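The structure under discussion appears below in the form of structure tokens.
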Amino acid sequence: MSKNYREQANQLAEQLTPKNKVFFGKIQQYLGLSSIFLDEEKLNEQIYQIAVDLVEAQSHGERAEEFFGQDSQAIADELLKNTPPSSWKSRFKLVTFIVAIFWLAFMITDFGGSKVATINPLFYAMSIIIVPIYVGLFIQMTKKSVYQKVKNKYLDMFKYGMLPMIFLGISGYIATFLPNTWNFTISFPYNVLIIGLFIVIMLICDISSRFGEGWRWLYRIGALVGCCGLVQQALYYFTTWSEEKITFIGLVLMGVIVVGVVKYLEKKEAR
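Residue numbers (the working numbering): 3 to 273.
As structure tokens, then:
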């Protein structure tokens, strides 16, 4: 039912004038970013109702600001207060999924960053705590930018491209201080096969829209990051470049991929 509300709201949005569409789009994006631990069906129902009211007001010649008021963020915040939280089961599944995605990203850095992959199970256990914190901070930062009056494209590039790379870098630095009691290694060709399997899994999830349409961009980023891992492995075996240089190239490629995908999605939404 939640998906139906979302699709119907998107269809109604196509009937809006450009200015009203921008007004509705900001509310929709702001609420969507806030829905991670809220009842998704209830929230999408409220977004749909806003679209219905806005189309009705527009048919009477009213603009969105005249009907809802100038402060659409205040309206969105009020709706969030009245939206019940999601079930603990849903939260657990979501957190598990997010942590799993980051585990796969960490594995790509492990498998692509050197000829032999060294896995530290303690690091992956630690990430169960730090990943949700990072995701929460990232969502809050993105939410604030929705109603930001002056857009800064360089700040967006940092937020979407460099910030995830910095997070991975800091996480990797922390990992150097963890005990290596349970460390184990995976060498060629098994490391390359695992990267290839990761890419296949991401593409299958993308095609099947697993967990909903909203996650497809994440699968595509994952598949492209996996390709970066394969590029790094190729550089190790076909060039004499240093490990530091190849790692730097991999991080730059990952940043370019993230920024490129985000910009593509922004242009697609603006059409």
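For every residue, glycine included, the Cβ atom is placed at its ideal position computed from N, Cα and C.
Small disclaimer: the values here were computed from a predicted structure and weren't measured.
Whole-number beta carbon distance between residue j and residue i, since they are thought to touch under 8 Å
i, j, result
"G228", "F200", "5 Å"
"S1", "K145", "Residue coverage of the chain in this structure runs from 3 to 273, which leaves residue 1 outside it and unanswerable."
"Y192", "F169", "In fact, because the Cβ distance is near 27 Å, the residues do not count as touching under 8 Å."
"E42", "S88", "7 Å"
"I38", "I52", "Incorrect: roughly 20 Å between the Cβ atoms, too far for contact."
"I197", "L232", "6 Å"
"N12", "Q60", "In fact, because the Cβ distance is near 16 Å, the residues do not count as touching under 8 Å."
Distance, residue j Cα to residue i Cα
i, j, result
"T98", "E16", "35 Å"
"R218", "V202", "14 Å"
"V54", "Q48", "10 Å"
"V24", "K247", "44 Å"
"S74", "T183", "54 Å"
"F69", "A78", "14 Å"
"I141", "L40", "14 Å"
"Q31", "T241", "45 Å"
"G71", "L56", "12 Å"
"T187", "F179", "18 Å"
"A225", "E58", "42 Å"
"R222", "G171", "21 Å"
"I100", "L139", "14 Å"
"I121", "K83", "43 Å"
"A102", "M204", "12 Å"
"V189", "A119", "The question names Val, but residue 189 is Ser in the sequence shown. Going by the C-alpha atoms only, they are around 6 Å apart."
"V254", "N46", "37 Å"
"Y50", "A76", "18 Å"
"G252", "Y239", "15 Å"
"P134", "L195", "29 Å"
"N185", "I131", "20 Å"
"M143", "E9", "26 Å"
"G27", "G34", "10 Å"
"V258", "C207", "22 Å"
"Y7", "L14", "11 Å"
"Q18", "L220", "With the sequence shown as reference, residue 18 is identified as Leu, and Gln is not the correct amino acid for it. If I take the Cα positions, the gap works out to 29 Å."
"A127", "C230", "25 Å"
"E245", "P181", "23 Å"
Collapsed DSSP secondary structure at residue i in the structure displayed
i, result
"F190", "coil"
"F179", "coil"
"W243", "coil"
"R218", "helix"
"E64", "coil"
"Q48", "helix"
"G278", "Residue numbering for the chain in the displayed model covers 3 to 273; residue 278 lies beyond these limits and cannot be assessed."
"T98", "helix"
"L232", "helix"
"A272", "Model confidence at A272 stands at a pLDDT of 49, short of 50, so the residue's coordinates are unreliable and nothing is read from them."
"Q30", "helix"
"L18", "coil"
"I132", "helix"
Beta bridge counterpart(s) of residue i as assigned by DSSP
i, result
"T120", "T187"
"P87", "L40"
Original post:
Would you say the region 100 to 112 touches the region 60 to 68, given that touching needs at least three Cβ pairs under 8 Å?
Top reply: no
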